[in-house]
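For reference, the structure discussed in these notes is given below.
There are 4 protein chains.
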Amino acid sequence: MAKVSFIGLGVMGSGMVRRLLAAGHEVTGYNRTEAKAQPLLEAGMKWAESPCAVARGGDFLFTMVSNTDALHAVSSGPNGIVAGLSAGKIYIDMSTVSPAASRELAAAVASKGAAMLDAPVSGSISTMEEGKLSIMVGGDRAAYEKSLPILQVIGPKVTHVGANGLAVSMKIATNLSLAVQMLALSEGVLLAEKSGIARETALEVLLNSVIASPMVKYRGPFILKMPDEAWFDINMMQKDLLLALEMGRKLDVPLPTTAITNELLTTARAMGFEKQDFAVLFQALARMAGVKK
Amino acid sequence: MAKVSFIGLGVMGSGMVRRLLAAGHEVTGYNRTEAKAQPLLEAGMKWAESPCAVARGGDFLFTMVSNTDALHAVSSGPNGIVAGLSAGKIYIDMSTVSPAASRELAAAVASKGAAMLDAPVSGSISTMEEGKLSIMVGGDRAAYEKSLPILQVIGPKVTHVGANGLAVSMKIATNLSLAVQMLALSEGVLLAEKSGIARETALEVLLNSVIASPMVKYRGPFILKMPDEAWFDINMMQKDLLLALEMGRKLDVPLPTTAITNELLTTARAMGFEKQDFAVLFQALARMAGVKK
Amino acid sequence: MAKVSFIGLGVMGSGMVRRLLAAGHEVTGYNRTEAKAQPLLEAGMKWAESPCAVARGGDFLFTMVSNTDALHAVSSGPNGIVAGLSAGKIYIDMSTVSPAASRELAAAVASKGAAMLDAPVSGSISTMEEGKLSIMVGGDRAAYEKSLPILQVIGPKVTHVGANGLAVSMKIATNLSLAVQMLALSEGVLLAEKSGIARETALEVLLNSVIASPMVKYRGPFILKMPDEAWFDINMMQKDLLLALEMGRKLDVPLPTTAITNELLTTARAMGFEKQDFAVLFQALARMAGVKK
Amino acid sequence: MAKVSFIGLGVMGSGMVRRLLAAGHEVTGYNRTEAKAQPLLEAGMKWAESPCAVARGGDFLFTMVSNTDALHAVSSGPNGIVAGLSAGKIYIDMSTVSPAASRELAAAVASKGAAMLDAPVSGSISTMEEGKLSIMVGGDRAAYEKSLPILQVIGPKVTHVGANGLAVSMKIATNLSLAVQMLALSEGVLLAEKSGIARETALEVLLNSVIASPMVKYRGPFILKMPDEAWFDINMMQKDLLLALEMGRKLDVPLPTTAITNELLTTARAMGFEKQDFAVLFQALARMAGVKK
Numbered sequence: 015m016a017k018v019s020f021i022g023l024g025v026m027g028s029g030m031v032r033r034l035l036a037a038g039h040e041v042t043g044y045n046r047t048e049a050k051a052q053p054l055l056e057a058g059m060k061w062a063e064s065p066c067a068v069a070r071g072g073d074f075l076f077t078m079v080s081n082t083d084a085l086h087a088v089s090s091g092p093n094g095i096v097a098g099l100s101a102g103k104i105y106i107d108m109s110t111v112s113p114a115a116s117r118e119l120a121a122a123v124a125s126k127g128a129a130m131l132d133a134p135v136s137g138s139i140s141t142m143e144e145g146k147l148s149i150m151v152g153g154d155r156a157a158y159e160k161s162l163p164i165l166q167v168i169g170p171k172v173t174h175v176g177a178n179g180l181a182v183s184m185k186i187a188t189n190l191s192l193a194v195q196m197l198a199l200s201e202g203v204l205l206a207e208k209s210g211i212a213r214e215t216a217l218e219v220l221l222n223s224v225i226a227s228p229m230v231k232y233r234g235p236f237i238l239k240m241p242d243e244a245w246f247d248i249n250m251m252q253k254d255l256l257l258a259l260e261m262g263r264k265l266d267v268p269l270p271t272t273a274i275t276n277e278l279l280t281t282a283r284a285m286g287f288e289k290q291d292f293a294v295l296f297q298a299l300a301r302m303a304g305v306k307k
Numbered sequence: 015m016a017k018v019s020f021i022g023l024g025v026m027g028s029g030m031v032r033r034l035l036a037a038g039h040e041v042t043g044y045n046r047t048e049a050k051a052q053p054l055l056e057a058g059m060k061w062a063e064s065p066c067a068v069a070r071g072g073d074f075l076f077t078m079v080s081n082t083d084a085l086h087a088v089s090s091g092p093n094g095i096v097a098g099l100s101a102g103k104i105y106i107d108m109s110t111v112s113p114a115a116s117r118e119l120a121a122a123v124a125s126k127g128a129a130m131l132d133a134p135v136s137g138s139i140s141t142m143e144e145g146k147l148s149i150m151v152g153g154d155r156a157a158y159e160k161s162l163p164i165l166q167v168i169g170p171k172v173t174h175v176g177a178n179g180l181a182v183s184m185k186i187a188t189n190l191s192l193a194v195q196m197l198a199l200s201e202g203v204l205l206a207e208k209s210g211i212a213r214e215t216a217l218e219v220l221l222n223s224v225i226a227s228p229m230v231k232y233r234g235p236f237i238l239k240m241p242d243e244a245w246f247d248i249n250m251m252q253k254d255l256l257l258a259l260e261m262g263r264k265l266d267v268p269l270p271t272t273a274i275t276n277e278l279l280t281t282a283r284a285m286g287f288e289k290q291d292f293a294v295l296f297q298a299l300a301r302m303a304g305v306k307k
Numbered sequence: 015m016a017k018v019s020f021i022g023l024g025v026m027g028s029g030m031v032r033r034l035l036a037a038g039h040e041v042t043g044y045n046r047t048e049a050k051a052q053p054l055l056e057a058g059m060k061w062a063e064s065p066c067a068v069a070r071g072g073d074f075l076f077t078m079v080s081n082t083d084a085l086h087a088v089s090s091g092p093n094g095i096v097a098g099l100s101a102g103k104i105y106i107d108m109s110t111v112s113p114a115a116s117r118e119l120a121a122a123v124a125s126k127g128a129a130m131l132d133a134p135v136s137g138s139i140s141t142m143e144e145g146k147l148s149i150m151v152g153g154d155r156a157a158y159e160k161s162l163p164i165l166q167v168i169g170p171k172v173t174h175v176g177a178n179g180l181a182v183s184m185k186i187a188t189n190l191s192l193a194v195q196m197l198a199l200s201e202g203v204l205l206a207e208k209s210g211i212a213r214e215t216a217l218e219v220l221l222n223s224v225i226a227s228p229m230v231k232y233r234g235p236f237i238l239k240m241p242d243e244a245w246f247d248i249n250m251m252q253k254d255l256l257l258a259l260e261m262g263r264k265l266d267v268p269l270p271t272t273a274i275t276n277e278l279l280t281t282a283r284a285m286g287f288e289k290q291d292f293a294v295l296f297q298a299l300a301r302m303a304g305v306k307k
Numbered sequence: 015m016a017k018v019s020f021i022g023l024g025v026m027g028s029g030m031v032r033r034l035l036a037a038g039h040e041v042t043g044y045n046r047t048e049a050k051a052q053p054l055l056e057a058g059m060k061w062a063e064s065p066c067a068v069a070r071g072g073d074f075l076f077t078m079v080s081n082t083d084a085l086h087a088v089s090s091g092p093n094g095i096v097a098g099l100s101a102g103k104i105y106i107d108m109s110t111v112s113p114a115a116s117r118e119l120a121a122a123v124a125s126k127g128a129a130m131l132d133a134p135v136s137g138s139i140s141t142m143e144e145g146k147l148s149i150m151v152g153g154d155r156a157a158y159e160k161s162l163p164i165l166q167v168i169g170p171k172v173t174h175v176g177a178n179g180l181a182v183s184m185k186i187a188t189n190l191s192l193a194v195q196m197l198a199l200s201e202g203v204l205l206a207e208k209s210g211i212a213r214e215t216a217l218e219v220l221l222n223s224v225i226a227s228p229m230v231k232y233r234g235p236f237i238l239k240m241p242d243e244a245w246f247d248i249n250m251m252q253k254d255l256l257l258a259l260e261m262g263r264k265l266d267v268p269l270p271t272t273a274i275t276n277e278l279l280t281t282a283r284a285m286g287f288e289k290q291d292f293a294v295l296f297q298a299l300a301r302m303a304g305v306k307k
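Following this line, the structure appears as structure tokens:
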């Protein structure tokens with residue numbers, strides 16, 4: 015069994031720690047808000063006082079934070095993880111951040127003799143609980159192979175896509191379709207509904223058609239009833255689209271459907287839907303179409 | 015066994031006639047270009063000299079033509095099907111045409127004492143051959159119930175969505191997502207590729223992700239190798255988007271992703287990709303991104 | 015002085031007739047709704063009972079109607095103008111219709127030995143009253159030269175742009191920028207306002223900047239106060255954008271800003287702004303931005 | 015006459031210094047690349063060794079740099095201008111940078127007892143040489159009034175729009191229309207040309223129409239012949255659109271025409287037009303339309 019450190023104990027991070035503990039690993043954790051760690055501490059996780067202290071511990075260090083700024087906050091400075099890493103350690107970042115920031119951090123980690131992998135996941139908390147999470151990995155192949163048994167505890171489908179930063183690039187390239195498919199689905203439902211077809215019937219037909227991706231199957235029903243808690247809210251979705259749009263500018267790839275969908279996410283936020291799952295794109299478009307509810 | 019008439023013997027129409035013949039029905043057919051009917055005649059289909067003559071025959075009349083103009087051509091005038099229909103007959107149009115045109119034709123058919131159903135399908139020739147075609151039906155429920163056994167020979171999933179014209183409305187509302195999903199997928203593949211990930215690897219990851227609808231799974235591989243023959247070419251796809259955009263204007267539904275994707279279909283045609291499957295949207299976007307092949 | 019016939023006595027048509035009467039020409043008019051002609055009859059215009067009767071009269075026949083369907087209504091059939099035209103007559107259509115429809119009508123007119131010119135105008139009723147209207151002309155050069163003195167009574171800037179249909183093509187190619195410029199202006203005003211700049215100040219700066227086209231100068235103030243009566247309402251503006259989008263598809267010209275602006279016109283109509291001047295695009299975008307008024 | 019310091023001696027900055035020298039002011043300058051200052055040194059400008067040294071000198075300090083990063087480079091650190099400023103000095107930044115960065119710098123400047131104004135200009139070098147440049151000013155009104163006589167040497171139209179950062183906000187809100195109007199103009203020219211109207215004729219009609227803003231009049235002719243040197247290249251234009259899009263996200267203003275035009279700027283760069291004036295949007299769209307030249 016390995017000594018594992020984990021920073022970032024939100025919904026996804028906590029789920030991962032539970033799986034690691036359940037598999038018999040020794041886990042030490044850190045989170046900006048300590049209170050969130052309480053259930054995990056009761057489940058056997060140890061606590062560390064700072065990112066730096068966590069990094070000094072285990073053989074494998076994980077981070078799962080919400081964006082590039084949060085990653086900077088835990089990685090840099092005297093209390094950051096780079097300061098705590100040393101030769102031979104493997105650091106695995108599972109956050110979705112900008113590929114450039116990921117590569118910069120990998121270089122800083124390498125300068126301490128450690129190795130970094132970017133390892134974002136595809137799927138939500140329920141996918142993970144079902145044991146179906148996919149993990150894409152970027153970085154040194156030897157480090158990848160050493161980490162594989164631990165990563166497979168988190169999710170069974172692990173794919174090495176190339177050098178540092180490429181796994182987050184791949185994640186971002188995937189995620190833009192989430193929002194675009196949701197908006198196109200909404201356009202279809204509203205067209206059908208205003209034609210005279212019941213919203214439920216329209217949705218049923220669409221969910222049985224060739225356009226029904228797993229994402230469409232998960233979120234389609236949210237058109238009828240939004241979930242009590244957002245799986246992935248408007249701002250989170252927009253964060254990923256902004257990373258895609260930034261990559262598009264740097265790499266010279268025009269992204270017409272991404273760009274226009276991003277403006278609809280802004281519209282949804284302006285209409286007061288900020289905290290809701292991005293399936294609320296349907297509600298935003300419905301208002302633009304003069305549909306009351 | 016029933017007496018069935020069939021007008022429009024293209025790829026889809028011919029496949030349907032084969033299934034009807036195989037199930038033991040007596041089929042009389044008509045097609046503008048008679049030569050296309052030869053293999054079906056050898057398989058047992060009978061020939062009629064005009065749409066009107068066909069309509070005068072069997073108890074169930076089917077049409078499967080390429081657009082609204084083609085439907086007008088076979089339905090109106092002294093040799094058209096309306097002239098041939100009489101009380102008690104059931105006429106089933108499987109084409110994707112404008113909902114307004116479909117409703118107008120249904121009214122003309124009703125004035126002859128016959129009943130019309132609009133019954134577009136979701137799926138391609140391969141879906142039909144696998145016996146998995148979905149059929150949406152609009153129109154009178156009694157006529158729908160009488161037709162059900164025959165329709166189930168063509169495809170097993172038959173859904174009555176409402177009054178005349180609503181099935182084609184539903185079909186159009188579904189199809190807009192085909193093109194939008196294809197363009198969003200292309201944006202993702204190009205982002206990944208220009209990041210440094212092999213096109214094959216990028217596509218593999220995307221086809222295993224939550225955005226992989228059946229459509230994405232069918233057409234994703236076309237990004238690596240376009241098919242010798244288009245399944246659904248740029249102009250056919252644009253025809254459906256134009257029907258969606260026309261409905262959007264009449265029903266006051268803004269369609270941002272549909273509108274912008276439609277301009278990319280025009281771009282693809284302007285670049286010389288007119289005759290290719292609409293998966294060629296990838297090639298059009300690649301050129302805009304300065305990618306040679 | 016010439017004998018002039020005029021069909022279509024709306025705001026623009028009536029203004030033109032007044033100018034022709036003021037210049038001493040003998041004018042016979044026709045309008046679907048006779049009541050609208052009353053003030054012109056008092057000003058000296060004569061009345062004719064049908065388009066055909068009007069066409070049989072004067073040497074120059076004008077039409078100024080609202081769209082392609084209205085042009086068909088007055089031009090075809092036994093009471094239509096084609097039936098009334100004869101060799102040597104010149105027929106000038108000032109409506110904005112589809113270039114294809116214009117060319118078809120020109121062919122029908124030519125078959126009667128008469129000549130047709132398409133002559134749409136650029137500018138509104140106030141431009142005409144100031145004597146500054148521009149007129150673009152498509153069609154036979156000899157017919158153009160014969161008509162020039164009469165056209166100059168209506169507006170001083172008359173340009174021959176080429177063969178039949180090309181003047182309406184040019185008009186449509188110009189008009190798409192009206193809506194796009196208005197929407198871009200609205201985006202700028204809302205950005206400035208939400209930054210903390212008073213709407214009036216923002217508008218003043220914009221109206222003094224390099225983006226202030228005559229259109230922006232006319233309609234910018236409508237952002238502060240919509241006019242009591244629309245100069246050019248949402249549906250009229252959308253009619254022109256649809257003609258542009260149709261041309262774009264036929265001629266293979268992608269129109270990204272036109273397509274997306276057209277969806278915002280639909281949004282404006284869905285929000286209940288149908289009857290208002292298209293400057294109401296600002297209000298539609300403001301609602302999308304969560305701005306109350 | 016005042017003691018004026020000036021940092022950033024590019025095309026615009028040099029032109030401003032010349033006007034200040036011509037008006038009799040004593041000017042001390044600094045530029046990252048010293049060579050560019052040579053002609054100004056010959057014209058009487060003095061040289062300083064660092065931004066900090068420049069800031070320590072004159073009563074009025076100006077900066078005119080290319081983007082937010084360049085402004086950070088000259089303003090922060092031990093050699094930066096903030097380190098050199100002291101009570102009573104007035105610092106005027108004429109660059110177009112992010113409003114947030116401008117406000118942060120203003121706060122740093124205030125902490126030294128000095129006052130900062132953001133004062134971006136509307137117009138190009140030729141506008142300035144004609145003595146017609148507009149200047150928008152954000153910041154403290156007293157500092158604005160003290161600076162007015164000096165600002166009027168640079169351009170005659172000076173408007174105080176509000177607090178710190180609001181002038182750059184206003185500039186960005188104006189500039190988005192530059193690119194959008196250029197793209198809409200290009201759509202119109204290509205529609206007309208593919209209809210059969212000569213490109214020159216189409217452009218002439220458009221330049222005489224109600225859509226002809228000063229920007230359209232300047233850049234329209236570039237469609238026929240691109241200038242030898244870019245006035246404002248693709249990357250500069252995209253920098254401004256990105257600032258607008260960033261503001262839109264922060265302030266919840268959807269920017270549909272800006273977002274789609276921005277993707278066309280990326281397309282133009284991907285096609286190899288990076289160094290050209292943004293009027294090259296026409297060429298990018300022409301390629302998408304299959305037009306060779």
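Protein chains in written order, with our numbering: chain F, 15 to 307; chain R, 15 to 307; chain D, 15 to 307; chain W, 15 to 307. Built from N, CA and C at the ideal position, the CB exists for glycine as well. Small disclaimer: the values here were computed from a predicted structure and weren't measured.
What does a CB cutoff of less than 6 angstroms around residue 296(F) pick up in its chain, not counting 5 residues either side in sequence? The residue given as residue 296(F) occupies position 282 in the first sequence. Cβ neighbours of residue 296(F) beyond the five flanking positions: 200, 237.
Could you work out which residues of chain W lie near residue 251(R), taking near to mean beta carbons separated by less than 9 angstroms? The count along the second sequence starts at 1 and reaches residue 251(R) at position 237. Per Cβ cutoff of 9 angstroms: no residues; residue 251(R) is ~18 angstroms from chain W at best.
Among 34(D), 57(D), 185(D), the one whose alpha carbon lies nearest that of residue 2(D): Any question about residue 2(D) goes unanswered here, given that chain D covers just 15 to 307.
Does DSSP put residue 226(R) in a helix, a strand or coil? Along the second sequence, one-based indexing puts residue 226(R) at 212. In the structure shown, residue 226(R) sits in coil (DSSP, three-state: anything other than H, G, I, E or B).
Based on DSSP bridge pairs, tell me the residues matched to residue 20(R). By 1-based counting over the second sequence, the position of residue 20(R) is 6. DSSP output for residue 20(R) lists 43(R), 76(R) as bridge partner(s).
From the DSSP output, which residues share a beta bridge with residue 60(D)? Counting from one through the third sequence, the residue named residue 60(D) turns up at place 46. Answer is 42(D), bridged to residue 60(D).
Going by C-alpha distance, which of 300(W), 78(W), 132(W), 225(W) is nearest residue 383(W)? Because chain W in this structure spans residues 15 to 307, residue 383(W) falls outside the shown range and cannot be described.
Check the Cβ-Cβ distances between residue 218(R) and every residue of chain D, and say whether any is below 8 angstroms. One-based indexing of the second sequence puts residue 218(R) at position 204. No, its Cβ sits nowhere closer than 8 angstroms to a Cβ of chain D.
The beta strand (DSSP E) with residue 176(D) in it runs from where to where? For the purposes of this step, residue 176(D) is taken as residue 162 along the third sequence, with counting starting at 1. Segment 171–176, the beta strand (DSSP E) holding residue 176(D).
For residue 51(F) and residue 130(F), I'd like the C-alpha separation in whole angstroms. Counting from one through the first sequence, the residue named residue 51(F) turns up at place 37. Counting from one through the first sequence, the residue named residue 130(F) turns up at place 116. Near 25 angstroms, if we compare the C-alpha coordinates of residue 130(F) and residue 51(F).
Return the chain-ordered list of same chain residues with a C-beta closer than 7 angstroms to the C-beta of residue 181(R), the five sequence neighbours on each side being excluded. One-based indexing of the second sequence puts residue 181(R) at position 167. Within the same chain, residue 181(R) has close Cβ partners 132, 133, 134, 150, 151, 152, 175.
Beta-carbon gap between residue 188(D) and residue 136(D) smaller than 8 angstroms: As a working note, residue 188(D) is residue 174 in the third sequence. As a working note, residue 136(D) is residue 122 in the third sequence. Contact: yes.
Tell me residue 129(R)'s beta-bridge partners as DSSP assigns them. The residue labelled residue 129(R) in the question sits at position 115 within the second sequence. BP columns for residue 129(R) point to 104(R).
Short CB-CB distance (under 8 angstroms) between residue 280(W) and chain F: As a position in the fourth sequence, residue 280(W) is number 266, starting the count at 1. At least one chain F Cβ lies under 8 angstroms of residue 280(W).
Between the CA atoms of residue 206(F) and residue 104(R) - distance to the nearest angstrom: Locating residue 104(R) in the second sequence gives position 90, where the first residue counts as 1. Locating residue 206(F) in the first sequence gives position 192, where the first residue counts as 1. Their Cα atoms are separated by approximately 25 angstroms.
Residue 272(R) to residue 277(D), Cα distance in whole Å? Taking the first residue of the second sequence as position 1, residue 272(R) is located at position 258. Taking the first residue of the third sequence as position 1, residue 277(D) is located at position 263. If I take the Cα positions, the gap works out to 10 angstroms.
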